[in-house]
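Structure first, commentary second.
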Amino acid sequence: MKIYNVNENGTIFDPNGWTVPCPSKPNKNLRYYTFFDEPGMIYWGYVNKPKKEPVAVPAESLEKYKNMEKAAKTVGIGVGAGYIIYRVLRIIDIQNTFKNIILEVKFMTNLLKKIGKIVVITMISIILIATILYFLLLNLHRYKNSNNDSVSINLSENSYTLTIKKPEPQYADTMEEALQINSEYFFSRYPYMNKVSDIIKILENDNYATMFYHVDGGLESDGIVASKFMVMTINEKKQYALILTNPETVGGKWRSKPLITANRSAPLYDLLAQYSINDGERFIFGSFGTDKVNTLKIEGQSPTEIIEYNAKGKKEYFWYYENLISDKPSSQFDIEMEEE
Numbered sequence: 000m001k002i003y004n005v006n007e008n009g010t011i012f013d014p015n016g017w018t019v020p021c022p023s024k025p026n027k028n029l030r031y032y033t034f035f036d037e038p039g040m041i042y043w044g045y046v047n048k049p050k051k052e053p054v055a056v057p058a059e060s061l062e063k064y065k066n067m068e069k070a071a072k073t074v075g076i077g078v079g080a081g082y083i084i085y086r087v088l089r090i091i092d093i094q095n096t097f098k099n100i101i102l103e104v105k106f107m108t109n110l111l112k113k114i115g116k117i118v119v120i121t122m123i124s125i126i127l128i129a130t131i132l133y134f135l136l137l138n139l140h141r142y143k144n145s146n147n148d149s150v151s152i153n154l155s156e157n158s159y160t161l162t163i164k165k166p167e168p169q170y171a172d173t174m175e176e177a178l179q180i181n182s183e184y185f186f187s188r189y190p191y192m193n194k195v196s197d198i199i200k201i202l203e204n205d206n207y208a209t210m211f212y213h214v215d216g217g218l219e220s221d222g223i224v225a226s227k228f229m230v231m232t233i234n235e236k237k238q239y240a241l242i243l244t245n246p247e248t249v250g251g252k253w254r255s256k257p258l259i260t261a262n263r264s265a266p267l268y269d270l271l272a273q274y275s276i277n278d279g280e281r282f283i284f285g286s287f288g289t290d291k292v293n294t295l296k297i298e299g300q301s302p303t304e305i306i307e308y309n310a311k312g313k314k315e316y317f318w319y320y321e322n323l324i325s326d327k328p329s330s331q332f333d334i335e336m337e338e339e
């Protein structure tokens, strides 16, 4: 295969010193090649477009221009003039070679830039993944030596998370005081939510107590917290030890539609039963920012109670089922509610 460059006059330049006409309108930005698979025919194609169908031209045209060069060297302007023409053509070929080198350098520069971007994006992704893994391992190490397991589920209109908590129960005279004990475990994500601003609902018996309360976050997001306590009577006075918490933010700007949230959270509703003060009951709760919660039905049943409270000056509605009657897993619950 021979490589040829396109000259300004629309001919194909052969590095050996002669020119050959291009069978079609040439493009100065392309390089052409020839090959001689058939006797008497020259096949033209494009170096950077190998799939293009080659064009055949008579091989005599090449011989014609060979003979013209020989004649120029022996007659007319003489051997000297012919040699000068030959050298000029060689210079043009060198110039074209430099042009091709410049084009190749530009191509490689652009390619390296693209590769560089890919490398940078890959490195950033690796760093982010490594950071996430580091914090996950750090949290696992933090709780690995504890003996008692408990689970806190963050169910909000934005998202939900499942966090393992393993504190040692310590008793206090009131539930509010008990919230301050082991707060680094129960409120690691929202440290300010261990302080009660308004009590929404308390359920209590001789063994357990569950308190739902609102937190005025000030400059932070307001919160609603579900907290469960072990109850012990000492010298005819009840003592409380915090064992479960479920802190979550309320009143955020980016909130999902309540019905969408309820359906997405349904697989976790069975885990909320641990906040019940009575064993075996299917206790479910949540908080929405719309009074359409009054139309909420899960498995055809309305909430046991709906309680209005304020968060950042807006009305919120806490709801709960003390004991939902259904033999289905919560992931299969039928949930209905009017949308705004």
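Per numbering that gives the first Met the number 0: the sequence shown = residues 0 to 339.
Glycine included, every Cβ here is placed at the ideal spot set by N, Cα and C.
The model shown is predicted, which means the values in this text are computed figures rather than measured ones.
Here the alpha carbons of valine 214 and isoleucine 199 stand approximately 10 Å from one another.
Between the stretch 231 to 242 and the stretch 296 to 307, the count of Cβ pairs shorter than 8 Å is below three; the stretches do not touch.
For proline 246, the three-state secondary structure derived from DSSP is strand. Contact between the stretch 307 to 315 and the stretch 259 to 271 is not established, with fewer than three Cβ pairs separated by less than 8 Å.
Tyrosine 170 places its beta carbon less than 9 Å from that of tyrosine 239. Assignment of methionine 229 by DSSP, reduced to helix, strand and coil, places it in the strand class. Pairing proline 257 with lysine 291 gives a Cβ-Cβ distance under 9 Å. Secondary structure note for leucine 258: its alpha helix (DSSP H) is the uninterrupted segment 257 to 264.
Collapsing the DSSP output to three states places glutamate 315 in a strand. According to the DSSP secondary-structure assignment, isoleucine 198 is paired through a beta bridge with Tyr212. As DSSP reads the structure, glutamine 300 sits in a beta bridge with Ile297. The alpha-carbon separation between phenylalanine 287 and lysine 116 amounts to approximately 44 Å. Excluding the 5 residues flanking it on each side, tyrosine 189 has same chain C-beta neighbours closer than 7 Å at Gly222 and Pro246, in chain order.
In the three-state reduction of the DSSP assignment, tyrosine 268 falls in the helix class. Distance from the CA atom of serine 301 to the CA atom of lysine 327, rounded to whole angstroms, is 17 Å.
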